[in-house]
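Undergrad: One structure, pasted below without further comment.
Numbering (our numbering), first residue to last: 12 to 112.
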């Protein structure tokens, strides 16, 4: 299973730019960064929430899509450790530059 091979200590996955949280399959493929990144997923246990990190990219030998597919069933709530701006958000940001949103 890909997810086991790409799981890393969660402390190595945090950045200042976390994306919004969603189901792993809800992140479009356009979110993938060429240099790689990570999914940070929450696992709810009876007395606590545990965070797990699953990296993608050349350094771990797994693509965004491979990791996304592997974690989509067991993990239902994840963030990316980088911003994800799809085409709709790019259009909105373009409008905001002109209208001072």
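Glycine included, C-beta positions come from ideal geometry on N, C-alpha and C.
Roughly how many angstroms lie between the CA atoms of residue 85 and residue 69, to the nearest whole one?
TA: Position 74 of the chain shown, counted from the start, is the residue given in the question as residue 85. Position 58 of the chain shown, counted from the start, is the residue given in the question as residue 69. Each residue's alpha carbon lies about 24 Å from the other.
Undergrad: Taking 8 Å as the limit between beta carbons, can you name the residues of its chain near residue 60, skipping five residues before and five after?
TA: As a working mapping, residue 60 is identified with position 49 in the chain shown. 53 and 54, listed in sequence order.
Undergrad: Measure the Cβ-Cβ separation of residue 34 and residue 64 and say whether it is below 8 Å.
TA: Taking the chain shown and counting its residues from 1, the one referred to as residue 34 is at position 23. Taking the chain shown and counting its residues from 1, the one referred to as residue 64 is at position 53. No, Cβ-Cβ distance for residue 34 and residue 64 is not below 8 Å.
Undergrad: Alpha carbon to alpha carbon, how far is residue 28 from residue 66? Give it in angstroms, no decimals.
TA: Taking the first residue of the chain shown as 1, we reach residue 66 at position 55. Taking the first residue of the chain shown as 1, we reach residue 28 at position 17. Using only the alpha carbons, I get a separation of about 15 Å.
Undergrad: Just how far apart, CA to CA, sit residue 103 and residue 95?
TA: Reading the chain shown from its first residue, position 92 is the one you call residue 103. Reading the chain shown from its first residue, position 84 is the one you call residue 95. At residue 103, the pLDDT of 48 sits below 50, so the modelled position is not reliable and the matter cannot be decided from this model.
Undergrad: Residues in its own chain within less than 8 Å of residue 21 by CB, not counting five upstream and five downstream?
TA: As a first step, residue 21 must be located in the chain shown, where it is residue number 10. Result list for residue 21: 51, 62, 63 and 64, in chain order.
Undergrad: Out of 30, 26 and 16, which one is the CA nearest neighbour of residue 88?
TA: Taking the first residue of the chain shown as position 1, residue 88 is located at position 77. Out of 30, 26 and 16, 30 has the C-alpha closest to the C-alpha of residue 88.
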